[in-house]
Structure formats: structure tokens, C-alpha cells
Amino acid sequence: MTGNTPQDRYKAVWLIFFILGLGTLLPWNFFMTATTYFTNRLNISSSDSYANDSYNHTNVNVTGKKEVSLSNLPSIFNNVMTLCAMLPLLIFTCLNSFIHQRIPQQIRIISSLAAIFLVFMVTAILVKVPMEPLPFFIITMVKIVLINSFGAILQGSIFGLAGLLPASYTAPIMSGQGLAGTFAAVAMICTIASGSRLEESAFGYFITACVVILIAIGSYIMLPRLDFFCFYSMKNKRKYATSVTQAEMETKVDLIKKDMVNGVERNHSVNGDSLPARHTSSVLGIFKKIWVMAVSVCLVFTVTIGVFPTITVAVRPTIGQNTLWVDYFSPVACFLMFNIFDWAGRSLTAVCVWPGKESRLLPFLVIIRVIFIPLFMLCNVVDRQNLPVIFAHDAWYLTFMLLFSFSNGYLASLCMCFGPKNYGFITNQPPQSPCATVGRISENSPCRPPWLETRQSKPFGRPSWMERPVGILERFAEKVCLKSKRKNKPTSLKRAQGFL
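Offset between the sequence shown (1-based) and the working numbering: plus 16.
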């Protein structure tokens with residue numbers, strides 16, 4: 017930094033982006049971790065008295081017989097919840113490319129955080145309101161759709177906002193997202209440890225989420241008042257405007273050089289119709305280079321979402337039936353363990369990048385993760401009808417969860433690092449565009465490979481080796497302009513300047 021560059025005092029901007037990153041994934045993790053509360057509310061046999069019962073994870077009564085439920089809603093809750101979460105997340109993630117051009121960034125972020133806060137407030141209020149299972153099920157699914165829709169918009173906007181700052185400020189967002197799952201699991205464990213009734217525990221659990229979202233809103237409001245953020249936000253706007261001007265000047269010089277034949281000018285020198293085709297071909301060209309890693313990332317997350325939490329949360333312990341282990345099994349063995357080892361796998365890529373990007377072993381390891389689907393299905397899953405229980409002991413489930421979560425974080429990080437090989441195209445995009453976001457994520461991912469380290473690209477300017485030839489072309493363009501003024505004939509350069 018130069019002497020005129022303001023400092024990030026007390027790491028305030030870094031901390032704000034960490035909180036905003038925490039707020040992007042916290043809503044979904046809070047709903048996902050509280051599946052026991054929702055399934056208990058949906059159980060008709062206990063819906064009339066759930067507020068007076070202690071926190072209980074089993075569905076067995078005193079006589080040892082299973083409770084008779086008149087509804088299938090508890091059994092399908094996890095499946096429908098995952099569908100209602102992932103589908104809007106996919107749709108709005110794709111729509112971010114259009115939304116960020118039409119809605120100002122401040123409105124996107126504030127409205128998304130406010131909507132998520134209102135959803136959590138409604139959820140906390142409904143804890144105190146007795147409801148029939150079907151209306152409660154429908155309202156819960158609508159809330160899950162809303163938080164994931166606004167969460168996708170919020171996530172894209174936050175990464176675009178971080179693009180205005182130095183590259184290192186994408187890291188706190190990703191760190192906050194990595195902590196979201198662990199924070200939700202720890203909050204659930206604390207509510208169970210409090211020994212309160214189910215109603216009080218669930219109410220305090222969702223109020224905690226409301227407090228975190230309020231802190232995120234307050235942090236974002238404070239962000240524009242910090243000199244460090246204001247300096248870089250204005251600096252990047254000027255840089256982007258300058259880069260656009262430089263790129264247009266280089267394009268004009270190329271057009272003049274191509275369209276001037278023996279001093280005679282052609283009329284089709286400036287034709288914008290070819291630009292979309294060129295852009296499309298560039299995107300397709302990049303996809304052809306990264307399709308292996310793109311499919312690998314998709315398969316990693318498909319296997320993870322297909323098992324976690326739909327199947328993993330339905331596994332019940334076989335040891336310590338009369339101990340507290342029954343109450344803590346799902347929050348600890350499923351959610352907390354997954355988030356910790358997933359974070360460990362992502363962190364390991366900072367010191368170990370194996371296998372390499374050209375190795376066939378990486379796609380093989382991604383494909384072999386499919387085996388986790390039958391492995392978890394053969395554990396002690398409740399409400400099973402056809403499959404036998406082969407891996408009954410809790411140690412099997414804990415081992416599978418360790419390998420499953422660690423491989424998810426490690427392989428996903430490797431694929432995300434090796435994917436964007438055509439780095440020059442990505443870094444030449446506007447600072448808040450989706451392509452630029454992908455470039456910054458890959459640049460700040462914990463496993464920056466050597467081909468990213470050695471390439472000293474300039475996101476908003478041209479490389480140093482182009483200064484001399486471009487300078488020659490610019491002087492040539494000036495001579496052409498002077499000559500055309502004497503002859504009073506407009507050139508391609510003058511017509512192009514009319515578009516500015």
C-alpha cells in the first residue's frame with residue numbers, strides 16, 4: 017500500500033465481510049440442523065403436547081412400541097426440505113447475472129438480509145403457536161424457499177461487493193460461510209444442553225439466528241462509513257472506467273489497422289454485431305477447457321446433497337440407548353462432525369495439492385464418492401422397509417461421516433482451484449460480474465496452484481509487455497486522425513468516439 021492508502025483499522029472491514037459471509041449460509045444451516053424440531057411438530061401423535069415434552073429424539077413410547085402416526089409428513093420432511101432449498105438456490109444463482117445489472121447492490125443486500133430476518137422472526141413466533149401438521153409443513157417449506165432464494169441473491173451480491181476491495185478480502189467471506197454450519201450445530205447443542213423444554217429450546221435457537229442477522233445488517237450499514245472501503249470502492253470504479261476506455265482505444269486501433277488498405281477506409285470498420293458472438297465463443301471455449309472440473313464439482317455436491325442431511329440425519333445410535341448420547345447423536349455425529357471435517361478438507365488444500373490437475377485420479381476419486389450413498393443407507397436408518405442394517409454399530413457411521421465430509425471439502429476445493437485455467441478472460445470482467453467473482457474465488461481459494469501464482473495478470477489494465485506495441489499503435493492512430501481532419505473525412509476512430 018502507498019502512503020495515501022487508508023488502513024483497515026482494527027480489521028473492521030475484514031470482520032464485516034466475515035459476518036456477512038456468516039449470514040449468507042447461516043439461515044439454511046439453522047433450518048437444516050433443526051430437523052428434529054420440525055419432525056416432532058409434524059408428528060400428529062405428539063403435536064398436542066409437544067410444548068410440554070422434554071427434548072426427545074426417539075419415537076418410541078414407554079411400552080416400547082412405535083407411536084402410530086396418521087401422517088407421512090415427518091418421513092418425507094427431509095427430502096422435501098432439500099428439494100425446496102436446492103431448487104430456488106440453483107434458479108436464483110443463475111438469475112444473479114441479470115439481477116445485479118437491474119437492481120442496485122445496496123437494495124439487494126439490505127432487502128435480502130431483511131427478508132431472512134423476517135423469516136426467522138416468523139419461525140420463532142410459530143414455535144409458540146399450535147398448528148395442525150399440514151399447514152405447518154406448507155409454511156415451513158415456503159420459508160425454506162424464501163431463505164434460500166434471498167440467500168442466493170445475498171451471496172452473489174456479497175462476493176461482488178468484495179470485488180471492489182483487494183483480493184484478500186474474499187477470504188473472510190469464505191471463512192464466514194465455513195463457520196456457518198459449525199455455528200448452527202453448536203447452537204443446537206447448547207439448546208439441548210440447557211435442559212429446557214422443546215418449545216423454549218427451539219425459540220431460543222431461532223432467536224439466536226435473528227440476532228446474528230441483525231448484526232449482519234448493522235455491519236453492512238457501517239461499511240460505507242469506513243475510509244478503507246470508500247477508498248477502494250471509488251478506486252475500482254475509476255480503474256474499471258479507465259480499463260474500458262483503454263480496451264476501446266485498443267479495439268479502435270485494431271479496426272483502423274485492419275480497415276485501412278492503401279489509405280482507403282472501409283465502411284464496416286465498426287460493427288458491434290460480432291461482439292456477442294465473440295463473447296459467446298469465448299465462454300464456450302472456456303467451458304471446453306474446464307468441463308472435467310466443472311462436472312467433478314457438480315458430482316461432488318450432488319452426492320453430498322443426496323445424502324446429507326436427508327439420510328444421515330435419519331440414522332439412530334445403537335449404543336447408549338439410555339444416556340444423553342441419544343439426544344446429542346444427531347447434532348454432534350451428523351452436523352457438527354460434517355462441518356468440522358469439511359472445513360479441515362478445504363484447509364488441507366493450502367499445503368497439499370494432490371492429485372494434480374492433469375491427473376486422472378482426481379475424477380476417479382470424485383466418482384468413487386458415490387459409494388457413500390449405499391453405505392449410509394445400510395446404516396441404522398429409522399423407518400426402513402426393505403434394506404437390511406449391515407453397519408449397525410455407531411463406529412461405522414462415524415467413520416463414514418468422517419471420510420464423507422473430509423472428501424467433500426478436499427475434492428471440491430481442488431476442483432474449484434483447477435477449474436478456471438483461462439484466467440485472463442475472467443479477470444478482465446467488470447468487478448461485480450459473475451465471471452469476475454469466479455476469478456476472485458479461485459484466486460483466494462486455499463490451494464492456488466502454480467499456474468496462478470506465476471501469471472502476473474492485471475485485472476483492470478494491460479500487461480507490461482504490451483505497453484510498447486500499444487504505444488506505437490496509439491501514435492499511428494493519432495497520425496491517422498490528423499490526416500483525416502485535413503481531408504475532412506471522418507475515420508473509424510472518430511465514429512467510434514461518437515459511441516462514448
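The beta carbon of each residue, even a glycine, is placed where N, CA and C say it ideally should be.
The structure presented is a predicted model; accordingly, all values stated were derived computationally and were not measured.
query: What's the C-alpha gap between Phe133 and Thr207?
result: 20 Å
- prompt: So Val382 and Leu315 are in contact, right, with Cβ under 8 Å, and what is the actual spacing, rounded?
  reply: 5 Å
- prompt: Exposed or buried, what is Thr529 when buried is set at 16 or more other beta-carbons lying within 10 Å of its beta-carbon?
  reply: An answer regarding residue 529 cannot be provided, because it is not within the stretch 17 to 516 covered by the chain.
- prompt: Taking the Cβ atom as the reference point for each residue, do Gly361 and Phe422 lie within a distance shorter than 9 Å?
  reply: yes
- request: Measure the alpha-carbon distance for Leu427 versus Cys368 and round it to whole angstroms.
  value: 12 Å
- request: For Cys395, write down the residues that DSSP places opposite it in a beta bridge.
  value: Phe407
- request: Take the Cβ of Gly37 as the centre, count every other Cβ of all protein chains shown within 10 Å, and call the residue buried at 16 or more, exposed below.
  value: buried
- request: Rounded to whole angstroms, what's the CA-CA distance from Ile155 to Ile205? Just pull it up for me.
  value: 25 Å
message: Helix, strand or coil, according to DSSP, for Val331 in the structure here?
response: strand
query: Hey, would you say Pro404 sits closer than 9 Å to Leu391, going by beta carbons?
result: no
- request: Report yes if the C-beta distance between Ala187 and Leu42 is below 9 Å; otherwise report no.
  value: no
query: CB-CB under 8 Å to Val348, same chain, minus the five flanking residues each way: which ones, in chain order?
result: Ala201 and Ile205
Touch test, the stretch 208-217 against the stretch 225-242, Cβ-Cβ under 8 Å, three pairs minimum: no
task: Look at Phe54 and Phe93 and say whether their C-beta atoms are less than 9 Å apart.
output: yes
query: If you count every other CB in all the chains shown that lies within 10 Å of the CB of Ile20, and 16 or more means buried, which is it?
result: For clarity, residue 20 is Asn in the given sequence; the question names Ile instead. Under this definition Asn20 is an exposed residue.
message: Tell me which residues share the same chain as Ala257 and place their Cβ nearer than 8 Å to its Cβ, disregarding the 5 neighbours each side in the sequence.
response: For Ala257, the pLDDT reaches just 49, beneath the cut-off of 50, and the residue's location in the model is therefore unreliable, leaving the point undetermined.
task: Would you mind sorting Leu106 into buried or exposed? The rule is 16 or more other CB atoms within 10 Å of its CB.
output: exposed
task: Counting only the same chain and skipping the five closest in sequence on each side, list residues whose C-beta sits under 8 Å from that of Lys159.
output: Phe47, Val135, Val138 and Thr139
message: Is the separation between the beta-carbon of Phe388 and that of Phe434 shorter than 9 Å?
response: no
field: Residues near Asn112 in its chain [Cβ-Cβ closer than 6 Å; skip 5 each side]
entry: Gly172
- prompt: Could you check where the alpha helix (DSSP H) with Phe380 kicks off and where it finishes?
  reply: Leu377 to Ile384
field: Backbone CA spacing between Thr318 and Asp243 [nearest angstrom]
entry: 42 Å
task: Grab me the residues of Ile163's own chain with a C-beta within less than 6 Å of its C-beta, minus the 5 sequence neighbours each way, in chain order.
output: Pro43, Ile132 and Val135
- request: Round the Cβ separation of Phe351 and Gly197 to the nearest angstrom and send it over; I've been treating them as touching at under 8 Å.
  value: 7 Å
query: Alpha carbon to alpha carbon, what distance is there between Tyr221 and Ala28?
result: 27 Å
Extent of the continuous alpha helix (DSSP H) to which Gln401 belongs: Premise fails: Gln401 is in no alpha helix (DSSP H) and is neither H nor E.
Nearest-angstrom Cα separation, counted from Asn56 out to Glu148: 12 Å
field: CA-to-CA distance, Ser249 to Gly179, given in whole angstroms
entry: 9 Å
- prompt: In terms of residues, what are the limits of the alpha helix (DSSP H) holding Asn56?
  reply: Thr51 to Leu58
task: Sort Phe166, Leu239, Val143 and Leu150 by Cα distance to Phe219 and report the nearest one.
output: Val143
query: Ends of the alpha helix (DSSP H) at Tyr344?
result: Trp341 to Phe345
- request: Tell me where the alpha helix (DSSP H) around Ala101 begins and ends.
  value: Leu89 to Arg118
- prompt: Is DSSP giving Gln337 helix, strand or coil here?
  reply: coil
Supposed close pair Phe357, Leu418 - CB separation, criterion 8 Å: 6 Å
task: Would you please state the rounded distance, in angstroms, between the beta carbons of Ser312 and Leu378? I believe it to be under 8 Å.
output: 7 Å
task: Taking all protein chains shown into account, decide if Arg25 is buried (16 or more other Cβ within 10 angstroms of its Cβ) or exposed.
output: exposed
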